[in-house]
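Chemist:
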Amino acid sequence: MPHSAVPPFERTPRHVAIIMDGNGRWAAARGLPRVEGHRRGVEALRRTIRAASEIGIKFITIFSFSAENWSRPAKEVGELMGLLRRFIRNDLAELHRSGVRMRVIGERVQLDPEIGRLLVEAEELTKSNDGLTLVVAFNYGARQEITRAAQRIAEKVAKGSLTAAEITMETVSECLDAPDIPDPDLIIRTSGEQRLSNFLLWQSAYSELVFVPTYWPDFDRAALETAIREYQQRERRFGGLAAKTGS
Ligand code: FPP
Numbered sequence: 033m034p035h036s037a038v039p040p041f042e043r044t045p046r047h048v049a050i051i052m053d054g055n056g057r058w059a060a061a062r063g064l065p066r067v068e069g070h071r072r073g074v075e076a077l078r079r080t081i082r083a084a085s086e087i088g089i090k091f092i093t094i095f096s097f098s099a100e101n102w103s104r105p106a107k108e109v110g111e112l113m114g115l116l117r118r119f120i121r122n123d124l125a126e127l128h129r130s131g132v133r134m135r136v137i138g139e140r141v142q143l144d145p146e147i148g149r150l151l152v153e154a155e156e157l158t159k160s161n162d163g164l165t166l167v168v169a170f171n172y173g174a175r176q177e178i179t180r181a182a183q184r185i186a187e188k189v190a191k192g193s194l195t196a197a198e199i200t201m202e203t204v205s206e207c208l209d210a211p212d213i214p215d216p217d218l219i220i221r222t223s224g225e226q227r228l229s230n231f232l233l234w235q236s237a238y239s240e241l242v243f244v245p246t247y248w249p250d251f252d253r254a255a256l257e258t259a260i261r262e263y264q265q266r267e268r269r270f271g272g273l274a275a276k277t278g279s
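With my numbering as the guide, the letters of the sequence shown map in order to residues 33 to 279.
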């Protein structure tokens, strides 16, 4: 198949989730401070959002600050918070103009109130857009999200609106942070690490995982297309039989 600028993807993943890893190593390899890797990571994020829109991906979830990232030195935590603040302040209008709807998953209560307000503002401003949905996982951990869902379910049972026997997998899905977002078809992790690190553990049950060696600041449209091609070569069976052999 000849390569073209916009590949004729026959099975474009509807939802791509990305673990943007390797900012620190990118910076270290160049003798730069870690924050420079994160700054260049924001540029890679802008490129990726644009490319995802053009390719026809409907949902993209990015792991931008994990619940475990608080254990980093206070200086780096502050820099990451500053980058999120600046990303929303500088990029929100442009994202809105290009039809992007922004959603946020993760625990909000521990966040600086100003960041909390910016996240609400971004979701409110873009809520009627029908282009790409950008899900920002911020102060996010999947075990924490599943625990929150368990608490919401327990409250319903305590109130008497649900019995224990009525709890199904759908009940759990409906109590997660963004129940209307479909599960990711493809999860990409950059930097060569091969693990999920507490990212979308419930939603990734049948996701295809693609690990790429590129450090996140170097990620671009070509790297995204390569990961999508790898996804397209996988056969998703969801526990059933292959389409051709299942007789
Ligand atoms: C992992 O690299 C990346 C992060 C912990 C943060 C991801 C953040 C960005 C891409 C920029 C911020 C974006 C927004 C929207 C706030 P690492 O630091 O773990 O890299 P290393 O494993 O090489 O040290």
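Each residue gets a CB set at the ideal place from its N, CA and C atoms; glycine is no exception. Keep in mind that this is a model prediction, so the values were computed, not measured.
#1: For residue 134, verify whether its CB is less than 6 Å away from any heavy atom of ligand 3.
#2: Short check: CB of residue 305 to CB of residue 247, under 7 Å?
#3: Is residue 54 near ligand 1, in the sense that its beta carbon is under 6 Å from a heavy atom of that ligand?
#4: One question on the structure: do residue 158 and residue 180 come within less than 7 Å of each other, judged by their Cβ atoms?
#5: In chain order, what residues of the same chain lie with their CB nearer than 7 Å to the CB of residue 188, ignoring the 5 residues before and after it?
#6: Grab the span of the beta strand (DSSP E) containing residue 98 for me, first residue to last.
#7: Return yes when the C-beta of residue 57 is under 6 Å from any heavy atom of ligand 1, and no when it is not.
#8: Buried or exposed, going by whether 16 or more other CB atoms sit within 10 Å of the CB of residue 270?
#9: Any idea if residue 240 is buried or exposed, counting beta-carbon neighbours within 10 angstroms, 16 or more meaning buried?
#10: How is residue 166 classed by DSSP in three states: helix, strand or coil?
#11: So residue 229 and residue 51 are in contact, right, with Cβ under 8 Å, and what is the actual spacing, rounded?
#12: Helix, strand or coil for residue 231? Go by DSSP, reduced to three states.
#13: Less than 8 Å between the CB atoms is what I'm expecting for residue 138 and residue 209, so what's the real figure, rounded?
#14: May I have a chain-ordered list of the alpha helix (DSSP H) segments no shorter than 4 residues that lie completely inside the region 111-151?
Modeler: Quick answer:
#1: With respect to small molecules bound, the structure shown includes ligand 1 and not ligand 3.
#2: Past the edges of the chain, shown from 33 to 279, lies residue 305, and the structure says nothing about it.
#3: As a first step, residue 54 must be located in the sequence shown, where it is residue number 22. Correct: residue 54 has its Cβ closer than 6 Å to ligand 1.
#4: Within the sequence shown, residue 158 is the residue found at index 126, counting from 1. Within the sequence shown, residue 180 is the residue found at index 148, counting from 1. No, Cβ-Cβ distance for residue 158 and residue 180 is not below 7 Å.
#5: Walking along the sequence shown from the start, residue 188 turns up at place 156. Once the five neighbours on either side are set aside, the close Cβ partners of residue 188 are 194.
#6: Position 66 of the sequence shown, counting from 1, holds the residue named residue 98. Segment 91-98, the beta strand (DSSP E) holding residue 98.
#7: As a working note, residue 57 is residue 25 in the sequence shown. The answer is yes for residue 57.
#8: If you number the sequence shown from 1, residue 270 lands on position 238. With fewer than 16 other Cβ atoms within 10 Å, it is exposed.
#9: For the purposes of this step, residue 240 is taken as residue 208 along the sequence shown, with counting starting at 1. Its Cβ being crowded by 16 or more others within 10 Å, residue 240 is buried.
#10: For the purposes of this step, residue 166 is identified with residue 134 of the sequence shown, where counting begins at 1. Residue state, collapsed to three classes: strand.
#11: Translated into positions along the sequence shown, residue 229 becomes position 197. Translated into positions along the sequence shown, residue 51 becomes position 19. Residue 229 to residue 51, Cβ: 7 Å. Contact.
#12: Walking along the sequence shown from the start, residue 231 turns up at place 199. It is coil, neither helix nor strand.
#13: As a working mapping, residue 138 is identified with position 106 in the sequence shown. As a working mapping, residue 209 is identified with position 177 in the sequence shown. Yes, they are in contact, since the Cβ atoms of residue 138 and residue 209 sit about 7 Å apart, within 8 Å.
#14: none
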